[in-house]
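In what follows, a single structure is set out as C-alpha cells and then discussed.
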Amino acid sequence: MLRLITDFDGPIMDVSERYYRVYLFCLNRVKRPDQEIRVLSKSEFWQLKRSRMLEKDIGRLCGFEEQQAQEFSRLRRQYVHSLPNLVHDHPVEGAREALERIEQTNLDLVVLTMRRCRELEIPLKRHNLEKFFPPSQRYCIADDYQITRDIQDKPKLMAKALAELPPAAEVWMVGDTEADIVAAKNYGIKVISVLSGIRDHARLAPYRPHYIVNTLQEAVEVILEQSLLEQLTINN
Ligand SMILES: [Mg+2]
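Start counting the sequence shown at 85; every next residue gets the next number (the working numbering).
Here is the structure:
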C-alpha cells in the first residue's frame with residue numbers, strides 16, 4: 085500500500101485571509117487613537133509571514149513601540165486560531181482536484197493536522213471535503229489537549245498515526261512548514277514541501293525535504309511518478 089499523509093493548512097486550506105484579518109484587528113486594538121502606523125497590504129503581510137518574520141517584529145515594522153509590539157503579538161496568538169475566525173479560510177486553488185485525483189488512485193490518504201479536531205471537522209463539512217477523509221483517516225489534536233509547540237507536537241501525532249494505521253509499503257508526507265519536514269524525517273518518511281502555504285522556498289530548503297513543489301496537485305504527481313518508477317525497477 086502506498087500512503088499519503090497530508091497536512092491540512094497549507095496544502096489544502098488557505099489561511100492567509102484569516103491571518104490578515106486578525107492582523108488588522110490586532111493592529112486597531114493596539115494602536116493609540118492618535119497614533120500613525122503603517123498598515124501592510126495583504127500581500128506584504130503574507131510575504132513576511134512566509135519568510136517567518138516574528139509577530140512582534142511585524143508589530144515593530146508597523147510602528148509599534150516595544151510594549152505595544154508585545155501586546156500585538158499576544159493578542160494575535162489569542163485570536164488567530166479562534167473558532168469564529170476560521171470562516172475566512174478557503175480551500176487552496178486546485179486542492180479539491182488533487183483530492184479527487186487521489187481518490188482515483190490506490191493512494192491511502194490520511195490528514196494530519198495541528199488543528200483541534202472540531203477545527204478540522206467544521207471546514208471539512210463546510211467545503212464538502214468530508215468524503216475524502218473518513219474519520220479513521222483523520223489525525224488532529226484532541227479538543228482538550230494543551231498544545232505546546234508545533235515542532236514538538238507534530239512528531240507526537242505522527243507517531244500515533246503510524247502506530248494505528250495499517251502498515252504501508254511506502255509512506256509520503258506533504259506539508260507546508262518545517263514542522264512537517266521534521267516530523268516526517270523523524271520517522272524516515274519521504275516528505276514533499278508545498279509553497280501554497282505559510283513558508284517560502286528559502287525557509288523550507290535548509291530542512292532538505294525530498295521535493296519542494298507549488299501545490300498538493302504537483303506533490304501527488306511526484307508521488308505517483310516515483311511509485312511507478314519503483315514498480316518498473318522491481319519488475320525489471
Ligand atoms: Mg500547515
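Quick reminder that beta carbons are idealized off the backbone N, C-alpha and C, glycines included.
A quick note: this is a predicted structure, and the numbers were derived from the prediction, not measured.
Ligand 1 and residue i: does the residue's C-beta get closer than 8 Å to at least one heavy atom of that ligand?
| i | result |
| --- | --- |
| Ile282 | yes |
| Asp260 | yes |
| Pro168 | no |
| Thr197 | yes |
| Asp91 | yes |
| Pro95 | yes |
| Asp264 | yes |
Taking Cβ positions, are residue i and residue j nearer each other than 9 Å?
| i | j | result |
| --- | --- | --- |
| Ala289 | Ile282 | no |
| Ala182 | Ala303 | yes |
| Arg202 | Asp227 | yes |
| Asp264 | Val255 | no |
| Met85 | Ala253 | yes |
| Ile121 | Phe129 | no |
| Val106 | Arg180 | no |
| Glu88 | Val258 | This sequence places Leu at residue 88; Glu is not what is there. Taking 9 Å as the Cβ cut-off, Leu88 and Val258 qualify as a contacting pair. |
| Leu138 | Pro175 | no |
| Glu177 | Phe216 | no |
How would you label residue i, buried or exposed, when you count the other beta carbons within 10 angstroms and need 16 or more for buried?
| i | result |
| --- | --- |
| Arg292 | exposed |
| Val195 | buried |
| Thr317 | exposed |
| Lys133 | buried |
| Pro95 | buried |
| Asp93 | buried |
| Asp91 | buried |
| Leu108 | exposed |
| Pro207 | buried |
| Gln151 | exposed |
| Asp98 | buried |
Among the options, which has the Cα closest to the Cα of residue i?
| i | options | result |
| --- | --- | --- |
| Ser127 | Arg158, Lys215, Tyr104 and Cys201 | Tyr104 |
| Asp192 | Thr261, Tyr271 and Leu249 | Leu249 |
| Asp260 | Asn298, Arg210 and Arg144 | Asn298 |
| Lys115 | Leu167, Phe92 and Cys146 | Cys146 |
| Leu300 | Glu309, Leu208, Val99 and Leu279 | Leu279 |
| Thr189 | Cys110, Glu305, Asn169 and Leu313 | Glu305 |
| Gln131 | Arg158, Arg287 and Gln315 | Arg287 |
| Leu124 | Asp118, Arg136, Leu111 and Phe216 | Leu111 |
| Lys140 | Glu149, Ser157 and Asp284 | Ser157 |
| Ala153 | Arg113, Pro251 and Leu167 | Arg113 |
| Ser100 | Glu184, Asn270, Val164 and Leu204 | Val164 |
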